[in-house]
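Participant:
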């Protein structure tokens with residue numbers, strides 16, 4: 001069978017994967033603190049090179065390239081736009097940093113979504129009520145709601161004269177973050193606290209989704225068309241095969 | 001595998017529909033006394049890890065980030081916004097607004113205590129203060145009785161209810177309006193009729209508080225707290241929700257088109 005058929009199939013498959021990634025970005029266009037993903041493609045070596053029977057760069061007939069594949073998905077951490085909400089439990093980080101919350105089995109997870117709530121025990125928790133928000137010492141933040149509290153721009157909760165600094169951390173590299181859903185990230189390489197002087201938090205604001213509907217829509221159109229083009233190639237090559245077989249059989 | 005695209009986009013449409021419902025209810029209650037608007041919080045669903053970060057692929061490359069494919073979105077919680085609503089001067093002696101935290105307590109139909117921010121009280125046939133319409137309203141808790149001969153009712157900022165009778169300037173105390181607070185008002189259950197009910201999530205009611213003390217709001221006689229729904233914000237939310245819905249429906253179409261192309265690949 002023509003080698004090109006498989007290359008075109010790989011191309012269509014890669015575009016289909018990209019479409020899934022775009023669908024998730026668009027589904028989360030209203031999700032607080034969401035960071036969109038980008039599917040990155042990489043060209044493949046020709047089959048002969050992968051099998052080791054030809055040398056790459058030899059410019060021979062065997063070095064014709066082997067199509068494309070999705071190499072990795074990269075999360076774009078560009079800041080989302082800030083939206084004023086007025087709710088005092090809403091917080092947005094300006095610039096770098098992540099809030100730290102307690103995930104299951106004792107690990108600390110990171111999030112940019114600051115739509116927190118206070119639960120019945122007075123604990124500051126994430127919007128779904130499941131993860132307690134941590135302070136700089138790694139302990140859950142417990143508020144006494146009989147006394148008024150407020151948030152400082154340095155990311156500290158002030159209540160009754162005492163300051164509880166929120167845990168705001170920065171992973172060594174943003175590449176080390178994996179999405180775990182529920183607006184949370186897991187850092188594989190740990191995270192270091194950001195000094196109170198170098199961070200800024202706004203109360204009454206939320207960082208909205210980083211997914212930009214216009215760019216995502218453009219990518220969607222591009223992906224659909226690229227998929228179509230690959231499908232067309234499959235059909236063309238199949239047509240060639242068909243006519244070849246037909247002609248061979250006639251003689 | 002474009003089927004995933006269809007499902008992912010569908011989660012988006014479903015979540016946005018819920019948001020639209022919330023906006024519709026907020027808008028419908030734009031004139032409801034003491035109404036507190038709701039907000040739908042969204043969160044991304046889990047991720048399908050196609051390639052773990054740090055893994056070596058078939059070409060011998062070690063990847064730093066891996067392939068994550070997200071599976072959509074869901075509404076994680078519904079949050080009431082307890083921001084103060086605007087004050088509306090009514091001049092009615094039995095209208096009270098709470099300036100600050102706190103809820104009025106009223107007796108529900110089954111004798112349980114329910115809570116409200118609406119302060120449009122009236123007097124029922126027995127002379128007791130009731131929330132809402134005079135005949136079948138909800139009895140204020142603790143009850144306050146205004147005798148028939150009362151002409152003027154004066155309520156001070158701390159909730160003391162006094163009245164005077166015809167031809168007399170002396171004030172007689174009828175009782176005290178107390179307020180209730182909750183650790184987590186977001187956890188209250190909305191019952192309709194401007195009423196909230198205590199739940200496990202809201203924490204126990206902290207009742208019997210004097211208005212103006214211990215962080216509880218003051219009472220304002222002759223005024224009502226209007227709905228805290230802001231029409232501009234809601235309309236903007238409505239527009240963005242509608243557009244986001246449209247975007248997701250476009251994704252469904254794109255996914256569908258791709259499946260169609262695949263279906264047409266094989267010819268004769």
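Residue numbers (full-length UniProt numbering), protein chains in the order written: chain A, 1 to 251; chain B, 1 to 268. Glycine is no exception: its CB is placed at the ideal position from the N, C-alpha and C atoms. The structure presented is a predicted model; accordingly, all values stated were derived computationally and were not measured.
On the premise that residue 199 (chain A) lies in contact with residue 97 (chain A), defined as a C-beta separation below 8 Å, what is that separation, rounded to the nearest angstrom?
Facilitator: To locate residue 97 (chain A), count along the first chain from 1; it is residue 97. To locate residue 199 (chain A), count along the first chain from 1; it is residue 199. The Cβ separation is near 5 Å, so the contact holds.
Participant: Do residue 69 (chain B) and residue 13 (chain A) come within 9 Å of each other at the CB atom, strictly closer than that value?
Facilitator: Counted from its first residue, the first chain places residue 13 (chain A) at position 13. Counted from its first residue, the second chain places residue 69 (chain B) at position 69. Against a cut-off of 9 Å, the Cβ pair of residue 69 (chain B) and residue 13 (chain A) comes out as no contact.
Participant: Within this structure, are the beta carbons of residue 109 (chain A) and residue 184 (chain A) separated by less than 9 Å?
Facilitator: As a first step, residue 109 (chain A) must be located in the first chain, where it is residue number 109. As a first step, residue 184 (chain A) must be located in the first chain, where it is residue number 184. Contact flag set, yes.
Participant: Find the nearest neighbour of residue 203 (chain A) within the set A:67, A:82, A:5, A:9, judged by alpha-carbon distance.
Facilitator: Locating residue 203 (chain A) in the first chain gives position 203, where the first residue counts as 1. Among A:67, A:82, A:5, A:9, the Cα nearest to that of residue 203 (chain A) is on A:82.
Participant: Taking only beta-carbon positions, decide if residue 99 (chain B) is within less than 9 Å of chain A.
Facilitator: One-based indexing of the second chain puts residue 99 (chain B) at position 99. So no, residue 99 (chain B) is outside the interface.
Participant: Candidates A:7, A:76, A:29, A:64: which alpha carbon is nearest residue 39 (chain A)'s?
Facilitator: The residue you call residue 39 (chain A) lines up with position 39 of the first chain. Comparing Cα-Cα distances from residue 39 (chain A) to each of A:7, A:76, A:29, A:64, the minimum goes to A:76.
Participant: Whole beta strand (DSSP E) runs in the stretch 155-218 of chain A with 3 or more residues, listed along the chain?
Facilitator: 156-159, 162-165, 168-171, 177-181, 184-187, 191-193, 200-203, 205-207, all fully within the stretch 155-218 of chain A.
Participant: Who are the near neighbours of residue 16 (chain B) in its chain, counting only those whose CB is closer than 6 Å to its CB and skipping five residues on each side?
Facilitator: Working through the second chain from its first residue, we reach residue 16 (chain B) at position 16. Hits under 6 Å: 241, 244, 245.
Participant: If you draw a straight line from the alpha carbon of residue 121 (chain B) to that of residue 101 (chain B), how long is it in whole angstroms?
Facilitator: Taking the first residue of the second chain as 1, we reach residue 121 (chain B) at position 121. Taking the first residue of the second chain as 1, we reach residue 101 (chain B) at position 101. Each residue's Cα considered, the two are about 19 Å apart.
Participant: For residue 192 (chain B), name the three-state secondary structure that DSSP assigns.
Facilitator: On the second chain, residue 192 (chain B) is found 192 positions in, with the first residue counted as 1. In the structure shown, residue 192 (chain B) sits in a strand (DSSP, three-state: E or B).
Participant: Strictly under 9 Å for the Cβ-Cβ distance: is residue 39 (chain B) near chain A by that measure?
Facilitator: As a working note, residue 39 (chain B) is residue 39 in the second chain. It does; some Cβ of chain A falls within 9 Å.
Participant: Going along chain A, which residues have a C-beta under 8 Å from residue 255 (chain B)?
Facilitator: The residue you call residue 255 (chain B) lines up with position 255 of the second chain. Here the neighbours are 19, 23.
Participant: Which runs of the beta strand (DSSP E), 3 residues or longer, sit entirely within the stretch 149-218 of chain B?
Facilitator: Within the stretch 149-218 of chain B, the complete beta strand (DSSP E) runs of at least 3 residues are 150-155, 160-165, 172-176, 179-181, 189-192, 195-197, 206-209.
Participant: Residue 250 (chain A): buried (16+ other C-beta within 10 angstroms of its C-beta) or exposed?
Facilitator: Position 250 of the first chain, counted from the start, is the residue given in the question as residue 250 (chain A). Looking at its Cβ environment, which holds fewer than 16 other Cβ atoms inside 10 Å, residue 250 (chain A) is exposed.
Participant: Which one of B:156, B:165, B:169, B:192 has the shortest CA to CA distance from residue 178 (chain B)?
Facilitator: Position 178 of the second chain holds residue 178 (chain B). The residue with the shortest Cα to Cα distance from residue 178 (chain B) is B:156.
Participant: Return yes when the Cβ of residue 98 (chain B) is within less than 9 Å of the Cβ of residue 209 (chain B), no when it is not.
Facilitator: What you label residue 209 (chain B) is simply residue 209 of the second chain in a count that begins at 1. What you label residue 98 (chain B) is simply residue 98 of the second chain in a count that begins at 1. Not in contact: residue 209 (chain B) and residue 98 (chain B) (Cβ atoms no closer than 9 Å).
Participant: Using beta carbons (cut-off 9 Å, strictly below), is residue 117 (chain A) in contact with chain B?
Facilitator: Counting from one through the first chain, the residue named residue 117 (chain A) turns up at place 117. It does: the Cβ of residue 117 (chain A) has a partner Cβ on chain B nearer than 9 Å.
Participant: Apart from the five residues on each side of it in sequence, which residues of its chain come closer than 7 Å, Cβ to Cβ, to residue 36 (chain B)?
Facilitator: The residue given as residue 36 (chain B) occupies position 36 in the second chain. Here the set comprises 80, 81, 82, 117, 228.
Participant: For residue 225 (chain B) and chain A, any beta-carbon pair shorter than 9 Å?
Facilitator: Translated into positions along the second chain, residue 225 (chain B) becomes position 225. No, residue 225 (chain B) lies away from the interface with chain A (no Cβ there is under 9 Å from its Cβ).
Participant: Helix or strand or just coil, what does DSSP make of residue 21 (chain B)?
Facilitator: Here the question's residue 21 (chain B) lines up with position 21 in the second chain. If DSSP states are grouped into helix, strand and coil, residue 21 (chain B) belongs with the helices.
Participant: Within its chain, find whatever has a CB closer than 8 Å to the CB of residue 223 (chain A); leave out the 5 residues flanking it on each side and keep chain order.
Facilitator: Here residue 223 (chain A) is taken as the residue at index 223 of the first chain, counted from 1. Result list for residue 223 (chain A): 15, 18, 19, 22, in chain order.
Participant: Which residue spans inside the stretch 28-57 of chain A form an unbroken alpha helix (DSSP H) run of at least 4?
Facilitator: The stretch 28-57 of chain A contains these whole alpha helix (DSSP H) runs: 47-50.
Participant: Going by alpha carbons, who is nearest to residue 143 (chain A) out of A:153, A:165, A:128?
Facilitator: On the first chain, position 143 is the one that residue 143 (chain A) refers to. Out of A:153, A:165, A:128, A:165 has the C-alpha closest to the C-alpha of residue 143 (chain A).
Participant: With 9 Å as the limit, tell me which residues of the stretch 36-59 of chain A have their beta carbon closer than that to any beta carbon of chain B; keep them in chain order.
Facilitator: Hits within the stretch, in order: 37, 39, 40, 42, 44, 45, 50.
Participant: Check each candidate in B:71, B:105, B:131, B:162 and name the one with the smallest Cα separation from residue 142 (chain B).
Facilitator: Within the second chain, the letter at position 142 stands for residue 142 (chain B). If we check each option's Cα against that of residue 142 (chain B), B:105 comes out closest.
Participant: Cα separation between residue 175 (chain A) and residue 205 (chain A)?
Facilitator: Against the first chain, residue 175 (chain A) aligns to sequence position 175. Against the first chain, residue 205 (chain A) aligns to sequence position 205. Approximately 27 Å, taken between the alpha carbons.
Participant: Taking all protein chains shown into account, do 16 or more other C-beta atoms lie within 10 angstroms of the C-beta of residue 7 (chain A), making it buried, or fewer, making it exposed?
Facilitator: Reading the first chain from its first residue, position 7 is the one you call residue 7 (chain A). So residue 7 (chain A) ends up on the buried side.
Participant: Would you say residue 71 (chain A) reaches chain D, if we count a Cβ-Cβ gap shorter than 9 Å as a contact?
Facilitator: The structure shown contains no chain D; its protein chains are A and B.
Participant: Residues of chain B with a CB under 9 Å from the CB of residue 265 (chain A): which are they?
Facilitator: Here chain A comprises residues numbered 1 to 251, so residue 265 (chain A) is not present and cannot be evaluated.
Participant: Of all the CB atoms in chain B, is at least one closer than 9 Å to the CB of residue 16 (chain A)?
Facilitator: Your numbering for residue 16 (chain A) matches position 16 in the first chain. Answer yes: the Cβ-Cβ gap between residue 16 (chain A) and chain B drops below 9 Å somewhere.
Participant: Answer yes or no: does any C-beta atom of chain B fall closer than 9 Å to that of residue 217 (chain A)?
Facilitator: On the first chain, residue 217 (chain A) is found 217 positions in, with the first residue counted as 1. Residue 217 (chain A) counts as touching chain B.
Participant: When you compare each of B:158, B:151, B:126 to residue 144 (chain B) by their alpha carbons, which one comes out closest?
Facilitator: On the second chain, residue 144 (chain B) is found 144 positions in, with the first residue counted as 1. Of B:158, B:151, B:126, the residue nearest in Cα terms is B:126.
Participant: Quick check on DSSP: helix, strand or coil for residue 232 (chain A)?
Facilitator: Working through the first chain from its first residue, we reach residue 232 (chain A) at position 232. Residue state, collapsed to three classes: helix.
Participant: Report the rounded CA-to-CA distance for residue 228 (chain A) versus residue 258 (chain B), giving the unit in angstroms.
Facilitator: To locate residue 228 (chain A), count along the first chain from 1; it is residue 228. To locate residue 258 (chain B), count along the second chain from 1; it is residue 258. C-alpha separation (whole angstroms): 7 Å.
Participant: Output yes or no for whether 9 Å exceeds the beta carbon distance between residue 101 (chain A) and residue 132 (chain A).
Facilitator: Here residue 101 (chain A) corresponds to residue number 101 of the first chain, with the count starting at 1. Here residue 132 (chain A) corresponds to residue number 132 of the first chain, with the count starting at 1. Yes; because the gap between Cβ atoms is below 9 Å, this pair is in contact.
Participant: Of all the options B:77, B:56, B:129, B:232, which has the alpha carbon lying nearest to the alpha carbon of residue 174 (chain B)?
Facilitator: On the second chain, residue 174 (chain B) is found 174 positions in, with the first residue counted as 1. Of B:77, B:56, B:129, B:232, the residue nearest in Cα terms is B:129.
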